[in-house]
Every structure is written in structure tokens, then in C-alpha cells.
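Letter 128 of the sequence shown, counting from 1, is numbered 359 in my numbering, and no numbers are missing.
Backbone N, C-alpha and C fix where the C-beta goes; we use that ideal spot for every residue, glycine too.
If you're wondering where the values come from, they're calculated on a predicted model, not measured in any experiment.
Notes follow the structure.
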Amino acid sequence: MKLAAFTAIFLLLSSFGAIAEMYKYIDENGQVVYTQFRPDPGVEAETIRGPAPPPSSAKATRQELIDNLVNQAETREDRKAAQKKAEQEKTRDNQLKQNCEAARKNLKYLQGQDKRTLVDNDGKAITMSDSQRQQQIKKAREIVERDCK
């Protein structure tokens with residue numbers, strides 16, 4: 232704990248030197264002098280500011296991390312969406328395949344010789360007229376054309 236406090240104080244104090252002002256003046260011997268200390272009163276000095284400190288790499292690194300996390304989350308969401316879409320398409324394809332097989336069986340049954348009997352939803356046998364049978368054949372063909380691609 233003491234080490235962390237000491238390190239924090241050291242870093243704080245050392246950062247003041249990085250932003251300290253510099254002074255440029257000509258001394259009594261005609262020499263150009265650069266110093267961090269203000270010259271004696273009466274000596275004409277030019278204040279020189281040091282270069283601006285570089286942008287904090289910690290801020291840049293933090294922003295890069297945030298950007299990477301956002302990109303990873305978006306990629307993960309895109310992958311999940313693509314996987315869900317693929318599963319839905321597979322389910323749809325399986326359903327179409329089952330519909331196709333059922334329609335083909337139904338069409339084959341209806342086209343058989345003298346097949347006029349169907350079972351309704353209640354499980355009762357129904358005898359169809361020729362026109363009803365032709366309508367059922369037409370519907371079965373439409374389903375085959377639609378689902379059997």
C-alpha cells in the first residue's frame with residue numbers, strides 16, 4: 232500500500248517537470264542561457280513553452296479496447312443471427328420435404344384406379360365423386376409443384 236502511494240506521488244511530482252516553463256535570456260557575458268528558473272528581476276527573458284505532451288497512450292489503449300470489445304460483440308451477434316437463420320432455413324427445407332413426400336403419396340393414391348375413398352379429420356371414410364376426386368388431384372399437383380423443387 233505504501234509503495235502504491237509513493238509511486239502515485241512520484242508520478243504526480245515528476246509530471247510537473249514535463250510542463251514547466253523554460254526561459255531564454257542573454258547574460259552579462261553575452262551568452263544565451265536557457266533555464267527553468269526565472270532570471271533575476273530586470274533581466275529581459277523570453278518565456279519558452281515546451282512541446283505539448285503526447286496524447287496519453289492509456290486513453291488510446293482504453294479506446295482501442297472498447298472498440299475491440301464492441302467489434303467482438305457485433306461479430307458474436309452476427310454469428311448468432313447467421314446461425315439462427317441457417318437453422319430456420321433447415322427447418323423450412325425439412326418441412327417442405329415432408330410436405331412434398333405427403334403430396335406425392337396423396338397424388339399417387341388419388342390417381343390409382345377407382346380410388347374414391349378418403350379419410351377425413353375425424354377418421355371417417357368419405358366417398359368422393361369424380362369431380363371431387365379431380366379437384367383433389369389438382370390440389371395435390373399444385374402442392375407437388377410448389378414444395379418439390
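Exercise. Leaving out the 5 sequence neighbours to the left and right, which residues in its chain are closer than 7 angstroms to Arg280 when beta-carbon positions are compared?
Worked result: Within the same chain, and ignoring the five residues on either side of Arg280 in sequence, the residues whose Cβ sits closer than 7 angstroms to its Cβ are Glu252.
Problem set entry | Within 8 angstroms, strictly: CB atoms of Ala334 and Ala371 | In contact: Ala334 and Ala371 (Cβ atoms closer than 8 angstroms).
For this session: Going by DSSP, name the residue or residues bridged to Thr278.
Result: In the DSSP assignment, Thr278 forms a beta bridge with Tyr254.
Exercise. Which residue's Cα is closest to the Cα of Ser362: Asp353, Glu376, Arg347 and Asn352?
Worked result: The option with the nearest alpha carbon to Ser362 is Arg347.
Exercise. Where are the alpha helix (DSSP H) runs, 4 residues long or more, that stay fully inside the region 282-370, in chain order?
Worked result: Entirely contained in the region 282-370, the alpha helix (DSSP H) runs reaching 4 residues are, in chain order, 288-342.
Problem set entry | Alpha-carbon to alpha-carbon, Arg269 and Ala276 | For Ala276 and Arg269, the distance between alpha carbons rounds to 8 angstroms.
Exercise. How many Å lie between Glu373 and Lys339 at the Cα?
Worked result: When only Cα atoms are considered, Glu373 and Lys339 end up about 14 angstroms apart.
For this session: Tell me, please, which residues DSSP counts as bridged to Val375.
Result: Answer is none; Val375 lacks a bridge partner.
Exercise. Within this structure, are the beta carbons of Asn330 and Asp378 separated by less than 8 angstroms?
Worked result: Contact flag set, yes.
Exercise. Is it right to say Leu300 is buried, meaning 16 or more other beta carbons lie within 10 angstroms of its own, or is it exposed?
Worked result: It is exposed - the Cβ of Leu300 has fewer than 16 other Cβ atoms within 10 Å.
Exercise. Taking all protein chains shown into account, do 16 or more other C-beta atoms lie within 10 angstroms of the C-beta of Leu341, making it buried, or fewer, making it exposed?
Worked result: Under a 10 Å Cβ-count criterion, Leu341 is classified as buried, with 16 or more other Cβ atoms of the shown protein chains found around its own Cβ.
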